[in-house]
Amino acid sequence: MTTPSESRKEVAAQKAVLKASLPDLLRRASSDPKAAEEALRACAMLRKKPPISLVTEPNVSRAFSAIEISKSLSLFSNPTESVSLSVPLTALRTKHLTDRKTATQVAKALNRNITKLLARNTKTTRSSKGIKDKPTVLFTQSTVADSASVVLWILIRLFELSEQNKAPALALARALINSLREIWRHSDRAETAELVVNFFHLLRKNLKRSVYVDLEDDEEISGFAREANAELAGWANFALLDGRLKHLKAAIRTAEGDERAKILSQLQETCRTHPSQVLPELVEWVAQEIDRVKQVRKPLVAADASQSSDLNYVAVSLLDAWNAATEGDRAARSLVSIERLARDLFSVEFADSVGEVVGFDEQTHEITPPGKPATTSVRVVRPGVRWSDGTRVRSLVRTLVTPID
Amino acid sequence: MSNALIGVDWGTHSSKWNWMFGDEYFNRGEFNILPSDVYLDPSSDRIFLSSDLPRGDFIFESGIKGTLIRDPYGPFWTGPRRQVKLTLGELVSFSLWSLLSEVYESLQRNNSTEPSQIEVRFSLPNWVGVAGAAEARSKYEQAARVACYIFMEDRKAWMERPSPSRDEWKEIVRNVLSELNVSDDTEVDKSGFQSAIQKKFDVIDQISFRFVAESSAAGLTGLREFEAELDRGRHLRKILVVDIGAGSTDIGYVLRTIAAVGANEVLVQLPPANTCEVAGKALTESIVKIYGVRGERIGFDEAERRKLSGGEDVWLDDPSVKEWKRRIAEPVETYVNELGDERWLPYEPSLHVLVTGGASVVKGLKAEILAAVKRGLEQRNVDSKVIDGTSLMTLDSSGRFANDVNRLAVALGAASEELPRLSYHERLDPPVSDVPMRAKPGWT
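Structure follows, in structure tokens:
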């Protein structure tokens, strides 16, 4: 039985051997995959960042187990300008999660590592001028894509393997989705919103309804989804104003259902309020998309065209114009225009002329004042409005007539 | 689908119809709106129901539906009315037969195949909790049965002869009454409103009918129109429906729940309020008077068009219009206060308020009704968060199309294939356990 101090000494000795053999392993690594594996394992053991050329998806996948990869994300990250975790995440994705324990360990390790990674990279440092800087970790777009893919994969497996007891899996799932949220928040959120929105769509399609519902009810997660949708809407609007049709199409294609309708309505508003800033092709595309959505539903069709609600507007406009026509030349001209519009577009026109004496017809005439008995001939005091398709004639507003004593 | 669904909103002043037939869910047929008056041409002795009246002197019987509920104990199949010399039963059955036949003509004109089975859904006014309601419902049912039977004996009879002579009609009805063993002595079914709207009435082969609570049918239309573009995010929705017809206003409550597990949708309706007589026609009459006082002569038709066009107009600010809105809203407040839903109403998500019917477009009316609903909720001591969140249900469609949907909400809901799924509950008791339910919208 070894004591803790003996074991520490043993590890130190192992590390010393590895340290000594590392230069040779690294030299051979470029030509020998076995040596590359050993070199990567040695680097991991020594917590030393391996050369970037060694950190390839096949090397990482061959050298480490799923749990080991998820525990060593930062070691394999590529911190050139933006942090990329693509290689370890893609390597992780090539693994099989065959049991619940492994899936749980991988999920926990990922959460811990992402938290650590963000904490370490956001430690304040003192610049040369003594000002405290807080460097921002910026993940690449591919990191967000790969994270979304890995999180989705783990969640699906986790719930498949946790049929009996879902509570711990749910807690872990929430943490994992929140890790994805942190990665997304540390990326170019507008450009990557599409990836997150798509992640939620896939999650809905792939998880059981009951699990999905539980996740959906989590305030933080629903907030995350809303945030991503809002970013996507903003991104689509930016793409519209910036003339990026390809990006606009992609954003709209990603959004579904009411979110899609909402974004389209925002884009419509932008087209309306900024006509000079939006390219005509993009305006046309937005208009076509809106029409396409509307065409899903067949509009109501009146069996008798005279029953359409449209005609209420037309009849009222005609009578208003008639009321105003005596107020001057312009008003009179406006009546003529409205009459033409009503007649040509809606088949609606005035019936009878004021002052005219006509034979009383109960279907088309209304006696004024009400209650006064009708006479055979009556005088028109206010025109009626009728609709006709050439054959059928419908009275929309009966002509107002007074009896002739 | 070789079954045709026909929705008939039989109104006091006007009737509306719509049909559903075909494979596509959205294959909604034509609609029509026509006066409910039954006309008699004394010169030819022919009777007809039409929006296209030939010129001449006619005798007509209007407000048949109103007569039925005002005089439920009076004779129905006997005792002809003084003017048209037809019994109330003959008039109601003629009105329903004409509507049915007209719908069928439209259905045939628009489809290459004929339906093998027809289910008609007649709107049932919210005749609840008033004396004679059971009698009125029972007579309406008899007339519907007679109309369906006559229609089915010869589906195309109306197309060839839409206006039979008075004596012909009397003879036809007499024979069918004898065939169906129906008369004024037939025992009245007193099993209540719930039973009336849950039953499916089989008449003869290939045709059956149901009654549908007007407010519930409108609620179903509202729900589907509201969610028309949403293919997800469906969750618990509670809808307070106020359907303002020309002759009556109906108030009801429908809700849709979705269980967390299984995600099956459950559609529920609760007892509606009894029909309120303050309705659109009263406003039209007020508009005529308002213009008169201003020295402008307008007729009833013009006032009606002005009301239905929903524009900004001078009459909107008149005290009588404000009073009309108040009188419409008043029973809504009472209904909400007394509504038998202890299970969902007091909790989130908040209530949606749907106002349908032609007069629903009157500016300011919806706000007045919404305020009344909130007052009703306050009286129940519902959480302020739920009250604050209570909002109007705005249909997905807008503009002219929305106006048509609003006017036709009852007929559209009645023709819906989903209607039989609308279960009826006298009340919903407080929750006994925490049942997981979709109470919030989805993420995406």
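Protein sequence lines correspond, in order, to chains A and B.
Taking this note's numbering, I'd label the letters of the first sequence as residues 33 to 437.
Taking this note's numbering, I'd label the letters of the second sequence as residues -6 to 437.
In this text, a Cβ means the ideal position worked out from N, Cα and C, and glycines have one as well.
Within chain B, not a single residue places a beta-carbon under 8 Å from that of Leu184(A); the smallest gap is close to 14 Å. Ser116(B) and Glu252(A) have their alpha carbons spaced roughly 46 Å apart. Annotation for His418(B): Val261, Leu263 place their beta carbon closer than 7 Å to its own, counting only its chain and skipping 5 residues before and after. By the C-beta density criterion, Ile(-1)(B) is buried, having at least 16 other C-beta atoms within 10 angstroms. Rounded to whole angstroms, the Cβ separation of Ser97(A) and Asn145(A) is 15 Å, and the two are not in contact under 8 Å. Counting only runs of 4+ residues, the alpha helix (DSSP H) found wholly inside the segment 288 to 352 of chain B occupies 293 to 302, 312 to 331, in chain order. Here the segment 334 to 341 of chain A does not lie against the segment 299 to 311 of chain A, with fewer than 3 beta-carbon pairs under 8 Å apart. DSSP places Pro55(A) inside the alpha helix (DSSP H), whose first and last residues are 36 to 61. The beta carbons of Gly215(B) and Leu347(B) sit closer together than 8 Å.
The beta carbons of Leu412(B) and Leu213(B) sit closer together than 8 Å. If you look at Val229(A), you'll find it in the alpha helix (DSSP H) that goes 221 to 238. Taking C-beta separations shorter than 8 Å and ignoring five residues to either side along the sequence, the partners of Thr383(B) in its chain run Ser343, Leu344, His345, Val346, Leu363, Val366, Lys367, Leu370, following chain order. Along the length of the segment 35 to 83 of chain B, whole beta strand (DSSP E) runs at least 3 residues long occupy 39 to 41, 52 to 54, reported in chain order. If you draw a 10 Å sphere on the C-beta of His397(A), you find 16 or more other C-beta atoms in it, and that means buried.
The beta carbons of Val245(A) and Thr175(A) sit about 29 Å from each other, so the pair does not count as a contact at 8 Å. Taking a C-beta cut-off of 9 Å against chain A, the contacting residues of the segment 296 to 307 of chain B are Glu297, Arg298, Arg299, Lys300, Leu301, Ser302, Gly303, Gly304, Asp306, listed in chain order.
Chain-ordered listing is empty here: chain B has no CB closer than 9 Å to the CB of Glu192(A), the nearest sitting near 17 Å. Per DSSP, Ala124(B) lies in no beta strand (DSSP E) segment and is marked neither H nor E.
Residue range 431 to 435 is occupied by the beta strand (DSSP E) that includes Pro435(A), with no alpha helix (DSSP H) assigned at that position. For the pair Gly245(B) and Ser201(B), the CB atoms are not nearer than the 8 Å cut-off.
The residue among Cys141(B), Arg102(B), Gln199(B) with its C-alpha nearest the C-alpha of Phe87(B) is Cys141(B).
In this model, Glu134(B) and Arg63(B) are separated by some 16 Å (Cα to Cα). Here Gln339(A) is buried, its C-beta having at least 16 other C-beta atoms within 10 Å. Glu359(A) sits exposed, since fewer than 16 C-beta atoms from the chains shown fall within 10 Å of its C-beta. For Gln101(B), the closest of Tyr32(B), Trp12(B), Ala127(B) by C-alpha to C-alpha distance is Trp12(B).
Excluding its 5 nearest sequence neighbours in each direction, Val247(B) has C-beta neighbours in its own chain below 6 Å: Ser209, Gly212, Ile232, Gln262, listed in chain order.
Val243(A) and Arg132(A) have their C-alpha atoms roughly 16 Å apart.
With a contact defined as Cβ atoms closer than 8 Å, Thr5(B) and Ser241(B) qualify at about 6 Å. Leu105(A) sits away from Val182(A), with the two beta carbons spaced by 8 Å or more.
Taking CB atoms only, Leu239(A) has no neighbour in chain B less than 8 Å away.
Using a Cβ distance threshold of 8 Å, Val413(A) and Ala347(A) do not count as a contacting pair. The secondary-structure analysis by DSSP pairs Ile84(A) with nothing; it has no beta-bridge partner.
Between Arg411(A) and Val429(A), the gap from beta carbon to beta carbon reaches 8 Å or more. Counting along the chain, the unbroken alpha helix (DSSP H) around Thr286(A) starts and ends at 277 to 286. Excluding the 5 residues flanking it on each side, Phe41(B) has same chain C-beta neighbours closer than 7 Å at Tyr32, Pro155, Ser156, in chain order. Contacts with chain A (Cβ-Cβ distance below 7 Å) from the segment 86 to 117 of chain B involve Ser99, listed in chain order.
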